[in-house]
Amino acid sequence: MSNITSEYPHGGLAIVGGGIAGVTLALGLVARGIPCKIYEQGHSFAEIGAGVAFAPNSIRAMRACDANVYTAFKAVATHNTWESKRADRELGRKGLYFDFLEGFHENDKLLFSLYNDEGANSVHRAHFLDEMVKFLPKDIAAFRKRVERVEESAGQGPVTLHFADGTSTTADAVVGADGVKSHVRQSLLGAEKPESHAGYTYKYAYRGLIPMDKAVAELGEEAAVNSRMYLGPDRHVLTFPIDKGETMNVVAFTTTSQNWPDIHKSTRAATKQDALNDFSGWGPTVTHILSLLNEDVDIWAIFDMKDHPAPTYAKGKVAIIGDAAHATSPHHGSGAGFAIEDSAVLAELLADPAAKRPSGLRVAFQAYDQCRRQRSQWLVASSRRTGELYEWQAQGVGYDIEKIGAEVHERFEKIWQGDIKQMIANAQAAFQRLLPYSEL
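Quick note on UniProt numbering: the sequence shown kicks off at 1 and runs consecutively.
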């Protein structure tokens, strides 16, 4: 690593992973003058999946992390196309997040809707990442560097990163942002421990991108250009516009009793007919949506860490953020947003002058863990529950639409009301509280 200084004798922080979590943290650190290097296993910055929605809490976290994160987001954000479904502060109008409809029967009955101060704000993951990367220093990343394990030296020594290509490097501290199958998490918690590995939730999803003109022709304008979710027994489908309204993003979830064939892989090949078979007997709208998919599609396994949550997000000078810390199912659409919350909190902690020495780095990581673990692990559990609500599986609720709507609303409000400024203040208070003990 470069930028060796007396404050960072080993070049600063190593960030493992160049997705949304790693890049937002890097932007937050660069903005605060903290040297860092990203190690990414791919040949370039990359994100899996296509569309992702950001809620009000996530947008506030972007601004708190670094203004460039928010600028990148605004460059690619897509809203519901109909003006009546968009937020308008001047009119005091909240924006539609999603309309929830019954997709199993034929009438597409509107069941309930969710609104918030920002409405729906969706991006194509890769396009958002591309915009953020424009603000990074050109030499900040090393590609084709897959981290296999990290080792912390005793005392004032560095943390060593060991790569799959047989090389190694050192850093003053390491932050794992290496996703659901994080190797940094395994080094932190012990590769043999169940909490080092996300588990299969017995749900998988077909994903597709459909040109909006085709979607409008098949579904009608209202259904195609605004965010919708179709609920039913053991299945649900969501659609929303991305690419400034040029594309409709589709995700169709299915519950299964079968084990995932290879836990080391997140996807497997499938066909459009497989999707149609899984949703056989559903109403015409869902059938029409699935008929627009490409003939060859991928199935994505849904993993999370609900059953075996990480007991800590930090040990010594090694920490984990995003999916590496709290891999979640996507039923709240908040995994990426919570990763940005992580980045904002951690960047602010590391900006404290006391965090620039080894003992202070450890305390900053401790404070980050104390601030972030409860909220993010609640998200993992709540997302699992919400997926069950969508599919009429939730214990004590079943197919009681009034109860489903009320509980879904309550859970989303808890996410949206997250106050990033208060989170940062709480983390900074924890840092100051813990700091005196680091010198003992």
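All C-beta atoms, glycine included, are put in the ideal place defined by N, C-alpha and C.
None of these values were measured; they are calculated from a predicted model.
In its own chain, which residues sit with a C-beta less than 7 Å from the C-beta of HIS331, not counting the 5 before and 5 after it? Position 331 of the sequence shown, counting from 1, holds the residue named residue 331. Cβ neighbours of HIS331 beyond the five flanking positions: SER383, THR386, GLY387, TYR390.
Would you grab the beta carbon distance between ALA53 and ALA126 for me? Rounded to a whole angstrom, and I think it's under 8 Å. As a first step, residue 53 must be located in the sequence shown, where it is residue number 53. As a first step, residue 126 must be located in the sequence shown, where it is residue number 126. Contact flag wrong, Cβ pair sits at about 15 Å.
So, is ASN80 buried or exposed, given that buried needs 16 or more other C-beta atoms within 10 angstroms? Taking the sequence shown and counting its residues from 1, one reaches residue 80 at position 80. Buried, since its Cβ has 16 or more Cβ neighbours within 10 Å.
Inter-residue Cα distance where the pair is GLN156 and ALA64: In the sequence shown, counting from the first residue as 1, residue 156 sits at position 156. In the sequence shown, counting from the first residue as 1, residue 64 sits at position 64. Their Cα atoms are separated by approximately 31 Å.
For TRP300, name the three-state secondary structure that DSSP assigns. Within the sequence shown, the letter at position 300 stands for residue 300. TRP300 falls in the strand class under three-state DSSP.
Cutoff 7 Å; reference residue 444; Cβ partners in own chain excluding five residues on either side: Outside the modelled stretch of the chain, which goes from 1 to 440, sits residue 444, for which no answer is possible.
By the DSSP assignment, the beta strand (DSSP E) with ASN116 in it spans what residues? Position 116 of the sequence shown holds residue 116. Note, ASN116: beta strand (DSSP E), 110-116.
Look at HIS308 and VAL380 and say whether their C-beta atoms are less than 8 Å apart. Stepping through the sequence shown from its first residue, residue 308 is reached at position 308. Stepping through the sequence shown from its first residue, residue 380 is reached at position 380. No.
Decide if THR254 is buried, meaning its Cβ has at least 16 other Cβ atoms within 10 Å, or exposed. For this step, residue 254 is matched to residue 254 along the sequence shown. So THR254 counts as buried.
For GLY51, which three-state DSSP category applies? As a working note, residue 51 is residue 51 in the sequence shown. Strand, per DSSP.
Below 8 Å between beta carbons: does that hold for ILE424 and VAL69? As a working mapping, residue 424 is identified with position 424 in the sequence shown. As a working mapping, residue 69 is identified with position 69 in the sequence shown. In this structure, VAL69 does not lie closer than 8 Å to ILE424 by Cβ.
Does the count of Cβ pairs from the segment 180-189 and the segment 304-321 closer than 8 Å reach three? yes
Let me know if ALA275 comes out buried or exposed under the rule of 16 or more other beta-carbons within 10 Å of its beta-carbon. As a first step, residue 275 must be located in the sequence shown, where it is residue number 275. Buried, since its Cβ has 16 or more Cβ neighbours within 10 Å.
In this structure, does DSSP put PRO194 in helix, strand or coil? Residue numbering aside, residue 194 sits at position 194 when the sequence shown is read from its first letter. PRO194: helix per DSSP, three-state reduction.
So, do the segment 148-165 and the segment 132-139 have three or more beta carbon pairs nearer to each other than 8 Å? no
ALA429 vs VAL345 beta-carbon contact at 8 Å: The residue labelled residue 429 in the question sits at position 429 within the sequence shown. The residue labelled residue 345 in the question sits at position 345 within the sequence shown. Taking 8 Å as the Cβ cut-off, ALA429 and VAL345 do not qualify as a contacting pair.
What does a CB cutoff of less than 8 Å around SER2 pick up in its chain, not counting 5 residues either side in sequence? Here residue 2 refers to the residue found at position 2 when the sequence shown is read from its first residue. Bear in mind that the predicted position of SER2 carries a pLDDT of just 46, short of 50, making it too unreliable to give a figure here.
Which partner residues does HIS162 have in the DSSP bridge list? Position 162 of the sequence shown, counting from 1, holds the residue named residue 162. Answer is ARG149, SER168, bridged to HIS162.
Helix or strand or just coil, what does DSSP make of ARG268? The residue you call residue 268 lines up with position 268 of the sequence shown. Strand, per DSSP.
Is HIS124 near the ligand ZN, going by C-beta to nearest heavy atom under 7 Å? Because no ligand of any kind appears in the structure shown, any question about the ligand ZN cannot be addressed here.
Take every Cβ of the segment 193-205, pair it with every Cβ of the segment 158-168, and state whether three or more of those distances are shorter than 8 Å. no
Just to check my reading of the structure: PRO284 and GLU407 have Cβ atoms closer than 8 Å, yes? What is that Cβ distance to the nearest angstrom? Looking up residue 284 in the sequence shown gives position 284. Looking up residue 407 in the sequence shown gives position 407. The Cβ separation is near 28 Å, so there is no contact.
Where LYS214 falls, given that 16 or more other Cβ within 10 Å makes a residue buried: Against the sequence shown, residue 214 aligns to sequence position 214. Per the 10 Å Cβ criterion, exposed.
Which partner residues of VAL175 appear in the DSSP bridge assignment? Position 175 of the sequence shown, counting from 1, holds the residue named residue 175. In the DSSP output, where bridge partners are listed per residue, VAL175 has ILE15, ALA319.
Do SER122 and PHE240 count as a contact pair if the criterion is CB distance below 8 Å? Residue numbering aside, residue 240 sits at position 240 when the sequence shown is read from its first letter. Residue numbering aside, residue 122 sits at position 122 when the sequence shown is read from its first letter. Yes, the Cβ-Cβ distance between PHE240 and SER122 is below 8 Å.
Nearest by alpha-carbon distance to ALA351: which of THR256, GLY208, GLY33, PRO358 is it? Taking the first residue of the sequence shown as 1, we reach residue 351 at position 351. Selected option, being the one with the closest Cα: GLY33.
Quick one: give me the first and last residue of the alpha helix (DSSP H) that GLY405 is part of. For this step, residue 405 is matched to residue 405 along the sequence shown. Taken as a continuous stretch (DSSP letters only), the alpha helix (DSSP H) holding GLY405 covers 401-416.
So if DSSP puts ALA120 in a beta bridge, which residue, or which two residues, is it bridged to? By one-based count along the sequence shown, residue 120 stands at place 120. Beta-bridge pairing links ALA120 to no other residue.
Spatial distance of SER227 from PHE98 (CA atoms): Translated into the one-based positions of the sequence shown, residue 227 becomes position 227. Translated into the one-based positions of the sequence shown, residue 98 becomes position 98. Their Cα atoms are separated by approximately 5 Å.
Collapsed DSSP secondary structure at PRO9 in the structure displayed: Mapped onto the sequence shown, residue 9 falls at position 9. If DSSP states are grouped into helix, strand and coil, PRO9 belongs with coil.
Close-in-space but distant-in-sequence residues of the same chain around LEU434 (CB under 7 Å, 5 per side omitted): Looking up residue 434 in the sequence shown gives position 434. Excluding positions up to five away in sequence, the list reads VAL363, GLN366, ALA367.
Beta-ladder partner(s) of THR247, from DSSP: Your numbering for residue 247 matches position 247 in the sequence shown. According to DSSP, THR247 bridges with PRO211, ILE242.
Kindly indicate which residue of LYS244, ASN249, GLY232 has the alpha-carbon position closest to the one of ILE210. Working through the sequence shown from its first residue, we reach residue 210 at position 210. Residue ASN249 is the option with its Cα nearest to ILE210.
What are the boundary residues of the alpha helix (DSSP H) that includes GLY232? In the sequence shown, residue 232 corresponds to position 232, counting from 1. No alpha helix (DSSP H) holds GLY232; the beta strand (DSSP E) holding it covers 228-232.
Can you find the residues in the same chain that come closer than 6 Å, C-beta to C-beta, to THR256, ignoring five residues on each side of it along the sequence? Within the sequence shown, numbered from 1, the residue matching residue 256 stands at position 256. These residues qualify, in order along the chain: TYR202.
Span of the beta strand (DSSP E), counted from its first residue to its last, around ILE38: The residue given as residue 38 occupies position 38 in the sequence shown. Unbroken beta strand (DSSP E) run through ILE38: 36-40.
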